Each structure stands twice: as structure tokens, then as C-alpha cells.
Amino acid sequence: MTVTLSPRALMSLLANGPKAMDVLETALTMGLLDALEPGPARLDALAARFEVRTLRLYKFLDCLESLGFVTRGQQGDGLAGTTYRAVPGLRDAVAAVVGPGALERDRDRYPWRLLHGRLAESLRGEVSMSDDDFAWPPKTDAQTADFERSMAVGLGPVTETIRRHADRLWSDRRRLLEVGGGDGTLAAHVLDSTPTLRADVYNLPAVAPLVAATRVERGHPDRLGFVGGDFLTEPLPPGYDALSFVRVLHDWPDEVARRLVEQAYAALEPGGLLLICEEFRTPDRLAMQFFWSYFLIGVDSCVSRLREVEYYTGLLKEVGFERVAVLPGGWELVTAYKPGTAG
Ligand SMILES: C[S@@+](CC[C@H](N)C(=O)[O-])C[C@H]1O[C@@H](n2cnc3c(N)ncnc32)[C@H](O)[C@@H]1O
Numbered sequence: 147m148t149v150t151l152s153p154r155a156l157m158s159l160l161a162n163g164p165k166a167m168d169v170l171e172t173a174l175t176m177g178l179l180d181a182l183e184p185g186p187a188r189l190d191a192l193a194a195r196f197e198v199r200t201l202r203l204y205k206f207l208d209c210l211e212s213l214g215f216v217t218r219g220q221q222g223d224g225l226a227g228t229t230y231r232a233v234p235g236l237r238d239a240v241a242a243v244v245g246p247g248a249l250e251r252d253r254d255r256y257p258w259r260l261l262h263g264r265l266a267e268s269l270r271g272e273v274s275m276s277d278d279d280f281a282w283p284p285k286t287d288a289q290t291a292d293f294e295r296s297m298a299v300g301l302g303p304v305t306e307t308i309r310r311h312a313d314r315l316w317s318d319r320r321r322l323l324e325v326g327g328g329d330g331t332l333a334a335h336v337l338d339s340t341p342t343l344r345a346d347v348y349n350l351p352a353v354a355p356l357v358a359a360t361r362v363e364r365g366h367p368d369r370l371g372f373v374g375g376d377f378l379t380e381p382l383p384p385g386y387d388a389l390s391f392v393r394v395l396h397d398w399p400d401e402v403a404r405r406l407v408e409q410a411y412a413a414l415e416p417g418g419l420l421l422i423c424e425e426f427r428t429p430d431r432l433a434m435q436f437f438w439s440y441f442l443i444g445v446d447s448c449v450s451r452l453r454e455v456e457y458y459t460g461l462l463k464e465v466g467f468e469r470v471a472v473l474p475g476g477w478e479l480v481t482a483y484k485p486g487t488a489g
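Per this note's numbering, the sequence shown starts with residue 147, numbered consecutively.
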């Protein structure tokens with residue numbers, strides 16, 4: 147059962163956000179979430195197993211229930227017979243948010259506090275992130291390395307979807323151009339599972355040393371290449387039968403996104419495959435994007451907009467691509483082919 151809270155109720159949770167996170171972190175580290183997920187677990191049995199006081203645990207579980215993370219039932223009379231079950235996937239979700247290497251922890255390193263309490267000034271354009279705080283695209287080598295590292299942390303849903311459809315995607319492909327391909331982490335993942343493929347990362351020249359490091363770390367000395375360039379000022383290089391934009395197009399306004407898709411069409415060989423993967427807009431993903439929506443209010447050079455998947459499927463058809471499809475996964479993958487026969 148999905149319960150949608152009223153705005154007023156949701157605000158009570160938000161106002162107590164740090165306490166809610168404390169509850170979740172505690173439930174994770176105690177191992178309570180492992181016990182609750184298979185459920186139903188009786189309150190008295192849980193209290194005995196975790197050596198805690200029954201009434202205190204009841205209140206703790208009320209906190210989890212108020213968040214919509216556990217459901218409650220009853221076996222027998224009284225408080226002790228109350229049973230609980232966690233919503234499926236709760237343990238992994240909590241680990242992803244508060245566990246080691248968590249995305250939200252990584253995001254917290256960014257200087258969002260510069261905007262905090264000054265949003266009205268920021269909206270008016272009086273307060274912004276300076277290039278020293280956060281430049282988009284990154285300007286210094288340190289900013290570049292920092293940004294690409296934190297991008298690589300969030301690649302999980304993309305690699306999962308691409309791995310799931312690897313046979314269909316790569317079986318007849320020889321050369322992939324990973325446009326805006328970060329430090330090459332995703333390209334390396336693709337190469338891991340497809341020994342017949344070569345991949346070049348296309349990125350700003352400053353990223354070259356990061357891709358070189360990935361090439362060594364991931365053991366692809368001959369198959370992972372780098373092409374330095376700026377897709378805003380020069381065409382994409384030709385000679386590829388596959389080309390990908392992963393979390394690239396959402397950074398740019400419509401006219402630039404369209405131009406990049408047109409450039410991809412021009413660069414691809416006949417029969418060439420274009421892949422687009424990013425967080426296509428849904429209520430869930432917009433919520434998970436909250437940090438960037440907030441932080442980037444102060445960064446005019448980055449558009450950062452989640453678009454519906456239909457925006458891209460429509461654009462691809464308009465530009466001339468055919469066999470446009472949306473492959474399912476943690477994040478969906480849009481695929482399309484340039485007309486013609488692969489050589
Ligand atoms: C949001 S990151 C995504 C990185 C990677 N694809 C991922 O999903 O982890 C956008 C990427 O586009 C690259 N980029 C930004 N502006 C660019 C430009 N003008 N030309 C080429 N690459 C650019 C950045 O360096 C960065 O690697």
C-alpha cells in the first residue's frame with residue numbers, strides 16, 4: 147500500500163529530517179532492518195533479540211512507520227504482539243543513502259551552505275556560486291578530478307542497465323564514442339563485458355589524465371582511448387558505430403541538446419547506434435535529484451533539468467534516427483539507430 151502524506155504531514159517529517167536520518171542509520175547499524183524486511187516480526191521478539199526495551203522499540207518503530215518504511219500488524223493482544231514488516235528494499239535503500247560511499251554523503255561535500263538562508267538573494271541573482279566554489283564545466287584540474295570522481299560514484303544504475311542489455315547493445319559493434327564520458331569508468335565497465343569492443347572517451351582535454359588513470363586501473367591499455375575536444379565548439383569525431391550520451395544532455399538547454407543529437411547523427415556511421423541514459427523525469431527521480439536542483443540554483447551555466455523520456459524519443463525521431471526504443475532498467479536506456487547498414 148502506498149500512502150501519500152498530506153503536505154502538512156510531510157513538512158513535519160522534513161522539519162525533523164536529521165532525527166529521521168538518525169533513526170534510519172541506527173536501524174541499519176543495529177541490524178534491525180535485516181530483521182524487519184523478511185517480516186512480520188513481533189515487537190517482543192525483536193526487543194529480546196536486540197536486547198532493547200519493548201516500549202522504547204515501539205516508539206522507535208513508530209518513527210519508521212511515520213516515514214512509510216514499515217507496516218504494522220497484530221498477533222494476539224497487547225503491544226508485545228504488534229508485528230512489523232519493512233517495505234521491500236528498505237535495507238539497501240538506507241545503505242545507499244547513509245552507508246559507506248553514499249551518494250548523499252558525497253553530495254554534502256559541495257558548498258551548498260553558501261546558498262543556505264540566502265535563496266531569495268540567489269533567485270534574484272545577487273548570490274551565486276563563484277568559479278572557485280563550483281565551476282560548470284569544471285575549470286581547474288582539482289575541480290575536474292573532484293567532479294568526475296563524484297560522477298563515477300553515481301554510475302550504478304547506468305552500469306546495471308547497460309550490463310543487462312549488453313548482448314543486444316554491443317554484439318555487432320566495434321567502436322564506441324562515450325561523449326562526456328567522465329573519467330572513463332563507464333566505458334571501462336562496457337569493455338569489461340565486451341572484449342570485441344574498443345571505446346574512446348570524448349571529453350574536455352583537462353580530463354585526459356583521469357581517463358589515463360582509469361585505463362591503467364581497469365586494465366584496458368589498448369581498448370580504452372581518449373579524444374579531447376569541446377562539443378560546444380567543434381563537431382564530434384567520425385568513425386564510430388556506437389555513440390553514447392550518459393548524463394550529458396540534461397546539463398544543456400534544448401537547443402544545445404538538439405545540436406548534440408544532430409552532431410551524433412552526423413558523426414555516426416550508417417547503421418550506427420546512439421544511446422542516451424540519464425535520470426528521465428519521474429516523481430521519484432526528481433526527489434533523488436533534490437540536491438542538484440537546490441545547489442545549481444546558484445550556477446547559471448548548468449541547466450540541469452530532468453526531461454521526460456518522451457522528449458528524447460521524439461527528438462531522436464525528428465533528427466532522423468530510426469528503431470527508437472526505451473530499454474528498461476534502474477535508469478532506462480534510450481537506443482536509436484542511424485538509417486543504413488553497419489559497415
Ligand atoms: C554530468 S557529467 C557526466 C559524466 C559521465 N557521463 C557520467 O555519467 O558519470 C558531464 C560530462 O560532460 C563533460 N563535458 C562538459 N562540457 C563538455 C564539453 N563542452 N565538451 C565535452 N565534454 C564536456 C564533462 O567533463 C563531464 O564528463
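Note that the Cβ used here is the ideal one computed from N, Cα and C, for glycine as well.
Being a predicted model, the structure only gives us computed values, none of them experimental.
Straight-line gap, residue i to residue j (C-alpha atoms, nearest Å)
i           : j           : result
residue 390 : residue 463 : 16 Å
residue 199 : residue 193 : 6 Å
residue 353 : residue 234 : 40 Å
residue 466 : residue 486 : 11 Å
residue 469 : residue 480 : 10 Å
residue 437 : residue 248 : 13 Å
residue 442 : residue 197 : 45 Å
residue 450 : residue 398 : 7 Å
residue 388 : residue 282 : 27 Å
residue 338 : residue 308 : 12 Å
residue 244 : residue 250 : 7 Å
residue 232 : residue 430 : 19 Å
residue 460 : residue 471 : 11 Å
residue 393 : residue 304 : 9 Å
residue 351 : residue 452 : 27 Å
residue 434 : residue 440 : 11 Å
residue 219 : residue 204 : 13 Å
residue 261 : residue 347 : 34 Å
residue 257 : residue 228 : 44 Å
residue 185 : residue 223 : 19 Å
Of the residues the options, the one placed nearest residue i, counting alpha carbons only
i           : options               : result
residue 412 : 383, 247, 173 and 197 : 383
residue 477 : 421, 447 and 487      : 421
residue 171 : 210, 442, 372 and 349 : 210
residue 221 : 289, 296, 189 and 275 : 189
residue 484 : 433, 446 and 418      : 418
residue 336 : 261, 372, 316 and 201 : 316
residue 255 : 242, 268 and 280      : 280
residue 202 : 261, 434, 225 and 242 : 225
residue 324 : 276, 373 and 310      : 373
residue 396 : 434, 458 and 363      : 458
residue 277 : 167, 482, 269 and 290 : 290
residue 326 : 181, 284 and 151      : 284
Beta carbon of residue i nearer than 8 Å to that of residue j
i           : j           : result
residue 306 : residue 236 : no
residue 187 : residue 230 : yes
residue 329 : residue 299 : no
residue 301 : residue 334 : no
residue 415 : residue 386 : yes
residue 344 : residue 321 : yes
residue 401 : residue 427 : no
residue 331 : residue 312 : no
residue 274 : residue 444 : yes
residue 169 : residue 206 : yes
residue 195 : residue 181 : yes
residue 319 : residue 475 : no
residue 296 : residue 368 : no
Start-to-end residues for the alpha helix (DSSP H) that takes in residue i
i           : result
residue 409 : 400-413
residue 449 : From DSSP, residue 449 is part of no alpha helix (DSSP H); its letter is neither H nor E.
residue 166 : 163-176
residue 465 : 455-465
residue 244 : 236-244
residue 310 : 302-310
residue 258 : Counting along the chain, residue 258 falls outside any alpha helix (DSSP H), and DSSP gives it neither H nor E.
residue 355 : 354-363
Residue range of the beta strand (DSSP E) that includes residue i
i           : result
residue 339 : Segment 331-339 is the alpha helix (DSSP H) holding residue 339; no beta strand (DSSP E) there.
residue 483 : 479-483
residue 232 : 228-232
residue 391 : 386-392
residue 345 : 344-349
residue 218 : 216-220
residue 373 : 370-374
residue 324 : 321-325
residue 468 : 468-473
beta-carbon residue i near ligand 3 non-hydrogen atom, thresh 7 Å
i           : result
residue 232 : The model on display carries ligand 1 but not ligand 3.
Stretch pair the segment 406-425 + the segment 376-391: three plus CB contacts closer than 8 Å: Short answer: they touch.
Meets three-Cβ-pair contact criterion under 8 Å: the segment 157-174 and the segment 205-219: At 8 Å Cβ cutoff, the stretches touch.
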